[in-house]
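Working notes for the structure below.
Residue numbers (the numbering used here): -2 to 249.
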């Protein structure tokens, strides 16, 4: 969702779209709307219908088709540029199994260009898929570089003395590790910022909410997220398999 504050791969896709729109005609197709970008800004947005999508594909000639979702990447356009967030499929945290590995292999071979997020991921892709990829590094948005915190008490709901972790809820993100005999729980509350993306991640979220000293924010504006991080005692990143991602950069 382009207009929602999100973390990780989706935010990276948003930054990539803004960057490309300075020299290219950009359309973003989300689950419910089509967004037109120009010079890093939204030119217009329209609600999707079957006919509007067909019209878009028939009336526009696409030189490149950027995608980071397996099912959409099978649309038969030439010039597919596939953005690959990580390589969980080749670790113990690969949640989908052999079918996803096969589909991912087909897409990677089909893609004209492959974009990944770090030099380490590029090496893993080369090792397992025998394909070269381009690295698109994380880019901090302007507010994190220029914003000056004027009032550290804006978010009244959160008390002083809390730990913060910014990440969507999936098993590899290690949220439940925070609860295992952790002496910090006696001294700090835990504030989590993120959303669940499937049934298993919803279960993780429900388990966390059983603890009265755990507070979860599903969605925040970028300025409120900045203040929430600034007011925290410190941040933690207990993820089991993670690159040096956007939430870490923002926290720093």
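We treat Cβ as the ideally placed atom computed from N, Cα and C, and that holds for glycine. These numbers come from a predicted model, not from an experiment.
Counting only the Cα atoms, residue 181 lies some 24 Å from residue 199.
Checking the DSSP bridge columns, you'll see residue 193 partnered with 166.
Taken through DSSP and simplified to helix, strand or coil, residue 223 comes out as helix. Residues 29, 30, 31 of the same chain have their beta carbon placed closer than 7 Å to that of residue 45, with the five preceding and five following residues left out of the count.
Under the DSSP definition of a beta bridge, residue 33 partners with 24, 41. Around residue 230, the same chain offers 158, 159, 160, 185 as residues with beta carbons nearer than 7 Å, after the five sequence neighbours per side are excluded. With contacts defined by Cβ atoms closer than 8 Å, residue 107 and residue 77 form a contacting pair. Secondary structure note for residue 113: its beta strand (DSSP E) is the uninterrupted segment 110 to 113. Taking 8 Å as the cut-off, the beta carbon of residue 70 is found closer than this to the beta carbon of residue 79.
Short of 7 Å from the beta carbon of residue 74, and not among the five residues preceding or following it, lie these beta carbons of its own chain, in chain order: 59, 62.
By a beta-carbon distance limit of 8 Å, residue 210 does not contact residue 226. Their separation comes to about 19 Å. Beta-bridge analysis with DSSP links residue 64 to 79.
The residue among 81, 110, 132 with its C-alpha nearest the C-alpha of residue 101 is 81.
Excluding its 5 nearest sequence neighbours in each direction, residue 247 has C-beta neighbours in its own chain below 8 Å: 137, 141, 163, 222, 223, 226, listed in chain order. Beta-carbon to beta-carbon, residue 190 and residue 214 are separated by about 5 Å, close enough to satisfy the 8 Å threshold. Pairing residue 197 with residue 165 gives a Cβ-Cβ distance that is not under 8 Å. Contact annotation: residue 234 and residue 245 have beta-carbon atoms nearer than 8 Å. In this structure, residue 36 lies near residue 19, with their beta-carbon atoms less than 8 Å apart. Looking at the DSSP output, residue 231 shares a beta bridge with 160. Taking C-beta atoms as the reference points, residue 122 and residue 115 fail to come closer than 8 Å.
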